[in-house]
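One structure below.
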Amino acid sequence: MNARLQSIIDDARKAWTAERAGGRAKITVTLDTSSIARGAEQTIAAIKEVAAKKSLDIDIGITGSWGLCWAEPTLTVRTAAGTRTVLYANVTADRVEELLEKTVVEGGDLPSLAVGVVEGNATAAIPLLSEHPFMQGQVRRLMANLGTTDPENIDHYLAHGGYEGLGRAFEMGAEAIVKEVLDSGLGGRAGGGFPAGRKWDFLRTATAEPRYLVCNADEGDPGAWVNRVLMEGDPQLIVEGMLIAALAANARWGYIYLRYEYPLAVRRMQLAVDQARQKGLLGENILGTGKDFDLIVFKGAGAYVCGEETGLINSIDGYRGMPRIKPPFPAQAGLWNKPTNVNNVESYANAPLIMRQGSAWWSSVSDAKEKGTKMFTFSGAVKQACCVELPFGPKVRDVLMQYAGGPASDRPMKGFQPGGPLSGVVSADRLDLTLTLDPYRELGLFLGGGGIVFFDESACTVDLCRYFLSFAEDESCGRCTTCRGGTQRAVEVLRRIQSGGGHDGDFERLEGLVRWLVYSNCFHGQFAMTTVKTALKQFRSEWIEHIEEKRCRARVCPGLVAYQVRAQGDPKLAEAKEICPTGAIIEANGKYEIEDAPCIRCGACREVAPSAIELRDLVMAPVAAR
Amino acid sequence: MGAEPTVQELRNLVAEFEPGRGHLLPALHRVQETYGYISREAIEVVAGQLDTTPALVYGCVTFYADFRTHRPPQTEIAWCSGPACRLAGGERIREALEHTLELPLGGHSEDDRYGLHLGQCVGTCHESPQVWVNGEVRGRLTAADAIRLAREVKAAE
Chain P
3 MNARLQSIID DARKAWTAER AGGRAKITVT LDTSSIARGA EQTIAAIKEV
53 AAKKSLDIDI GITGSWGLCW AEPTLTVRTA AGTRTVLYAN VTADRVEELL
103 EKTVVEGGDL PSLAVGVVEG NATAAIPLLS EHPFMQGQVR RLMANLGTTD
153 PENIDHYLAH GGYEGLGRAF EMGAEAIVKE VLDSGLGGRA GGGFPAGRKW
203 DFLRTATAEP RYLVCNADEG DPGAWVNRVL MEGDPQLIVE GMLIAALAAN
253 ARWGYIYLRY EYPLAVRRMQ LAVDQARQKG LLGENILGTG KDFDLIVFKG
303 AGAYVCGEET GLINSIDGYR GMPRIKPPFP AQAGLWNKPT NVNNVESYAN
353 APLIMRQGSA WWSSVSDAKE KGTKMFTFSG AVKQACCVEL PFGPKVRDVL
403 MQYAGGPASD RPMKGFQPGG PLSGVVSADR LDLTLTLDPY RELGLFLGGG
453 GIVFFDESAC TVDLCRYFLS FAEDESCGRC TTCRGGTQRA VEVLRRIQSG
503 GGHDGDFERL EGLVRWLVYS NCFHGQFAMT TVKTALKQFR SEWIEHIEEK
553 RCRARVCPGL VAYQVRAQGD PKLAEAKEIC PTGAIIEANG KYEIEDAPCI
603 RCGACREVAP SAIELRDLVM APVAAR
Chain F
723 MGAEPTVQEL RNLVAEFEPG RGHLLPALHR VQETYGYISR EAIEVVAGQL
773 DTTPALVYGC VTFYADFRTH RPPQTEIAWC SGPACRLAGG ERIREALEHT
823 LELPLGGHSE DDRYGLHLGQ CVGTCHESPQ VWVNGEVRGR LTAADAIRLA
873 REVKAAE
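Right, here's the structure in full:
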C-alpha cells in the first residue's frame with residue numbers, strides 16, 4: 003500500500019474510533035431527497051431543540067438511505083457506551099421528544115417506531131435489523147456505508163475501507179486492473195450489461211491523448227432513483243471508482259454528468275471531489291505516484307436524451323445534447339473528439355469493491371449469469387416505495403411482496419415496467435420473471451437502470467402507452483424524422499383512441515410505427531415504441547375494447563368516461579359544485595347535473611362527494627345513417 | 723435575483739469561462755442561478771465570451787428544459803410528471819391545475835405572480851401524486867387538494 007495513502011487511512015480510522023469512544027450518545031439521521039420530502043430537516047431541528055431543552059449531551063450526525071424511503075425520516079440512536087444502535091423509522095418532528103426521552107434519557111428503546119437493532123442484542127419487541135424481512139436477501143455492498151457514514155465527510159469513507167481498492171490498484175497497474183475487472187464479470191449497470199473491463203481496455207489501447215472518463219449520472223428514467231441514493235449516500239465510492247478506471251485506462255480527466263434535478267447529489271458529489279482533492283487523491287501527482295487525474299462535476303440542464311452517451315458528450319462539449327451518429331464510437335472520438343469512456347454511476351462504484359476484495363469474492367454473490375449486486379427502486383402501485391440492493395436473480399413477484407410490501411390495494415396487479423419509459427411493459431402473468439437481463443431481451447424489452455414501476459388494474463394500458471410516448475416525443479432530440487415524427491404520430495393516434503375516435507387500421511398504424519422507429523439513429527428512437535409494441539401483444543383485448551367498443555375498463559381515458567350525479571339530495575353536492583374548476587356542475591331547483599362538454603375529468607367532484615357522483619362509461623350514441 | 727443586469731455585470735459574471743472547454747452549460751447555469759433566467763442580452767454576452775454565435779447559445783438554452791428565457795414567477799407550482807404520480811392520479815391533477823390557474827404547463831400569469839412548471843421525477847415516489855411549491859414537496863394530493871392549492875396561490879397577493 004502506498005505509504006501516504008496508508009497514513010491518510012490510519013488517521014481517518016483513529017478519528018472514527020475516537021468519535022465512537024467519546025462517551026456520548028449519537029443520533030444519525032438519514033438526510034437525502036426522499037427523507038427531506040418527508041420532513042427529515044424538521045426532525046433534525048427538533049432533535050437539536052429537544053437536546054438543548056433537556057440539556058442532553060449528544061452527537062447529531064447525518065447519513066445516507068437505508069432504502070426505507072416510504073418510512074422516512076429514519077434515524078439510528080447509538081447509546082453513550084457505543085454498544086447498542088437501533089434503527090427507527092417514521093420519526094417525524096413531533097415524535098422526537100418521546101424518542102429522545104425513552105432512549106437517551108431513560109436508556110431504553112422505543113419499540114413503536116423501531117425497525118431493528120443494528121448493533122447489540124435483539125429484544126422481544128425489536129428484532130435484529132439483519133433479520134428484518136426488508137433486509138433478508140439484500141446484499142448491501144454498494145450501500146454498505148449508507149446508514150453508517152456521513153456522505154459529506156471523506157474520513158468516514160476512509161475509515162470504512164475507502165480507497166483501499168485504489169491502494170491495490172496502484173500496485174497492480176493498468177493491465178492487471180483491466181484483467182481483474184474483466185474476471186469479475188462487471189457489466190454496464192444502465193441496462194446494457196456490456197463488460198466494463200472491455201470498455202476500459204478500449205480506452206487503454208486508444209492512441210490519442212488526453213483520454214477522458216465520463217460518469218453518466220443523468221438518471222433520467224422517471225421512477226428510478228438508485229443513482230441518486232448512491233450519490234447522496236456515498237459519493238466517495240464513485241470518486242474512487244473513477245480513479246481506479248483512470249488508472250486502468252490512463253485517463254487524465256473525468257466528468258461526472260449529473261442531472262440538475264438532483265441538487266443535493268450535485269452538492270455532495272462536488273464536496274466529495276473537493277475533499278478527495280484536499281487529501282491529494284485527485285489532481286497532479288496523486289499521492290506522489292506521478293499519476294495525474296482530476297474530476298469535474300458537470301451539471302446537466304434537463305434533457306432525457308443526454309442519458310445516451312453521445313448526447314451526453316455533445317452536452318459537455320457545449321452543444322445541444324443531440325446523440326451523434328456512430329461510428330466513431332466514444333472510445334475513438336468522444337469528448338473533443340478524444341478517446342472517452344462512458345459508464346453508469348453504479349458501474350464505476352463497483353470498481354473499488356472489486357479491487358478491495360478481489361474479483362472472485364465480488365462475483366461469487368449469486369449463481370446468476372450477471373455478476374455482482376444491482377440496486378433497484380420499486381414504486382407505483384405498491385405499499386412501500388423503496389430502494390434495495392440485490393444479487394441478480396430473484397423473481398419479480400418475490401421482490402414485490404417482500405420489499406415493496408405488495409400491491410397498494412386489493413386491486414389485482416396488472417403488470418410492471420422493468421426499467422424506464424423505453425423499456426416496455428410486462429403483464430402480471432409474468433411476475434415470475436427473474437431480475438436478470440435475458441428474459442426481458444427475449445420478450446423484446448429490457449431491464450434498465452433499476453427503476454421498476456408496478457401498476458394495477460386501475461391503470462389503463464392505452465393511457466400508459468400514451469404517457470410513455472408523450473414522454474418520448476417531448477424528449478426526442480429531433481434529429482431523425484423517424485423518431486421526431488414517429489413519436490408525434492404515435493401520440494396522435496393514441497390520443498384519438500383515448501377520446502373515442504379509434505377506428506379500422508389503428509392496429510396496423512401503430513404496428514407500422516413499431517417497425518419504422520427502430521431505424522432511428524439512437525437508442526431513444528429505437529426503443530420509443532417498446533411500450534406500445536409490448537402492450538399491443540400482451541393486452542390485446544383492452545385495445546380492442548378501446549378501438550372497437552369505445553370502452554376503457556379502467557375508466558381512465560377521458561373520451562370514454564363521464565361523471566354523473568347518482569344521488570340527488572346528497573349534502574356534499576354543493577361542495578362538489580364549488581370545487582369544480584370549470585363550472586361543469588349546474589344546479590337548478592336543488593337538482594344537480596354535470597355538463598359533459600366543460601367537464602375535464604379531473605374527478606375532484608367525486609373526491610368530495612363520493613357517494614353522490616359516479617364515473618360511468620360514456621356510451622357513444624350510434625351515428626345515424628344518412 | 724433582482725434588477726435587470728447590465729451588460730457589464732453579465733460580462734463580469736461569466737468572465738472566467740473559456741471557449742472550447744465545455745463551459746457553455748456552466749456559464750448558462752451561472753447566469754440563471756444569479757438572475758433567475760437567461761435574457762437575450764445574457765445569450766449575447768455568453769456567446770461573446772465563449773467565442774460562438776448567439777444562435778448556438780440560444781439553441782442550447784431552448785434545448786434544455788432547465789433553462790428559462792423568462793423570469794421565474796413568485797410562486798411556482800411544479801407538477802411531477804413521473805410514473806408513480808401518474809398511476810396515482812397525476813394526470814387528473816394536471817388538468818385541475820391547468821384549468822384552475824388558467825395556464826398550460828410552462829405558463830405563467832401576466833404579472834409573474836404564479837406559474838405552472840413541468841417537474842421531472844426525482845424518486846420521492848412515496849409522496850405520489852405530488853407537486854412542488856417553490857421547491858417544497860406537497861405530496862399525496864387529490865385533485866380537490868390541487869384545486870384548493872391553485873386557488874390559494876392565485877388569490878394570494
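Just so you know, the sequences run in chain order P and F. Just so you know, we're using this note's numbering here: the first sequence kicks off at 3 and counts up by one. Just so you know, we're using this note's numbering here: the second sequence kicks off at 723 and counts up by one. All residues carry an ideal CB built from backbone N, CA and C; glycine is no exception.
Cross-chain neighbours of residue i in chain P, by beta carbon under 7 angstroms
i       : result
G804(F) : P224 and G225
R808(F) : Y469
Residue nearest to residue i in terms of C-alpha spacing, selected from the options
i       : options                               : result
F394(P) : K371(P), F380(P) and M403(P)          : K371(P)
V299(P) : R261(P), G282(P) and S478(P)          : R261(P)
A777(F) : R322(P), A611(P), C485(P) and V183(P) : R322(P)
G633(P) : E51(P), A54(P), N4(P) and V52(P)      : With chain P running from 3 to 628 in the structure shown, residue 633(P) is simply not present.
V216(P) : G195(P), A210(P), V241(P) and G167(P) : V241(P)
I799(F) : Q842(F), L746(F), L735(F) and V736(F) : Q842(F)
I327(P) : R481(P), L575(P) and R498(P)          : R481(P)
Y757(F) : F789(F), A866(F), G770(F) and Y780(F) : F789(F)
N229(P) : G451(P), C462(P) and L466(P)          : G451(P)
V621(P) : L245(P), C554(P), V231(P) and K340(P) : C554(P)
Q796(F) : R752(F), V855(F), A749(F) and R873(F) : V855(F)
G243(P) : R497(P), G225(P), V384(P) and W202(P) : W202(P)
Y565(P) : P600(P), E550(P) and L245(P)          : P600(P)
A537(P) : K416(P), L77(P), P583(P) and G313(P)  : K416(P)
F172(P) : L337(P), Q140(P) and R358(P)          : R358(P)
E51(P)  : A614(P), V98(P), V107(P) and E311(P)  : V98(P)
D296(P) : Y257(P), S317(P), L273(P) and K535(P) : Y257(P)
V495(P) : V464(P), L131(P) and I587(P)          : V464(P)
Proximal residues of chain P, C-beta to C-beta of residue i below 8 angstroms
i       : result
E849(F) : A39 and R40
G758(F) : Under the 8 angstroms cutoff, chain P gives no residues; its nearest Cβ is about 15 angstroms from G758(F).
I869(F) : I581, P583, C604 and A606
Chain-ordered chain F contacts of residue i [CB-CB under 7 angstroms]
i       : result
E584(P) : The sequence as given places Thr at residue 584(P); Glu does not occur at that position. Ordered by position in chain F, the residues that pass the 7 angstroms Cβ test against T584(P) are H821.
T379(P) : G845
C604(P) : R814, E817, A818 and A865
Y442(P) : Near Y442(P) there are no residues of chain F at all, since even the closest Cβ is about 17 angstroms away, more than 7 angstroms.
A305(P) : F785, Y786 and A787
W68(P)  : None at all; the shortest Cβ gap to chain F is about 13 angstroms.
Sub-7 angstroms separation of residue i and residue j beta-carbons
i       : j       : result
V853(F) : W801(F) : yes
C604(P) : A769(F) : no
V117(P) : A91(P)  : yes
L283(P) : R6(P)   : no
A764(F) : V610(P) : no
G744(F) : G320(P) : yes
S632(P) : A806(F) : Nothing about residue 632(P) can be read from this structure; chain P reaches only from 3 to 628.
G110(P) : T85(P)  : no
Y264(P) : D220(P) : no
T76(P)  : T125(P) : no
K574(P) : A614(P) : yes
Contacts that residue i makes with chain F (C-beta to C-beta distance below 9 angstroms)
i       : result
V610(P) : T864 and A866
A274(P) : Ordered by position in chain F, no residue passes the 9 angstroms Cβ test against A274(P), which lies about 18 angstroms from the chain.
Under 8 angstroms from the C-beta of residue i: neighbouring residues of chain F
i       : result
Q419(P) : P805
I318(P) : G744 and L747
9 angstroms Cβ cut-off: residues of chain P touching residue i
i       : result
G861(F) : A39 and R40
Self-check item: At least 3 beta-carbon pairs within less than 8 angstroms: the region 34–47 of chain P vs the region 10–17 of chain P
Solution: no
Quiz item: Is the region 184–196 of chain P touching the region 338–355 of chain P in the sense that three or more CB pairs, one from each, lie closer than 8 angstroms?
Solution: yes
Exercise. Check whether the region 364–381 of chain P touches the region 390–405 of chain P, counting contact only when three or more Cβ pairs, one atom from each stretch, lie closer than 8 angstroms.
Key: yes
Practice problem: Please go through the region 160–211 of chain P and give each complete alpha helix (DSSP H) segment of 4 or more residues, from N-terminal end onward. | Solution: 166–174, 176–186 and 198–206
Quiz item: Which ranges would you report for the beta strand (DSSP E) in the region 215–281 of chain P if only whole runs of at least 3 residues count?
Solution: 255–260
Quiz item: Can you give, in chain order, each stretch of the beta strand (DSSP E) that sits fully within the region 569–627 of chain P and has at least 3 residues?
Solution: 587–590, 593–596 and 615–619
Practice problem: Specify whether the region 454–466 of chain P and the region 410–422 of chain P touch according to this definition: at least 3 beta carbon pairs, one from each stretch, less than 8 angstroms apart. | Solution: yes
Self-check item: Segment contact, 8 angstroms Cβ cut-off, at least three pairs: the region 479–495 of chain P with the region 264–283 of chain P
Solution: no
Self-check item: alpha helix (DSSP H) runs wholly inside the region 477–557 of chain P, at least 4 long, in chain order
Solution: 483–500, 508–519, 525–529, 532–540 and 542–546
Exercise. Enumerate, from N- to C-terminal direction, the unbroken alpha helix (DSSP H) stretches of 4 or more residues contained entirely within the region 379–460 of chain P.
Key: 398–404 and 440–444
Quiz item: Looking at C-beta atoms only, is the number of pairs between the region 241–253 of chain P and the region 821–836 of chain F that lie closer than 8 angstroms three or more?
Solution: no
Practice problem: Mind the definition here: the region 61–73 of chain P touches the region 143–151 of chain P only if three or more C-beta pairs lie below 8 angstroms; say whether that holds. | Solution: yes
Quiz item: Is the number of C-beta pairs between the region 383–390 of chain P and the region 70–78 of chain P that are closer than 8 angstroms three or more?
Solution: yes
Quiz item: Touching or not, the region 171–188 of chain P and the region 354–362 of chain P, by the rule of three or more beta carbon pairs under 8 angstroms?
Solution: yes
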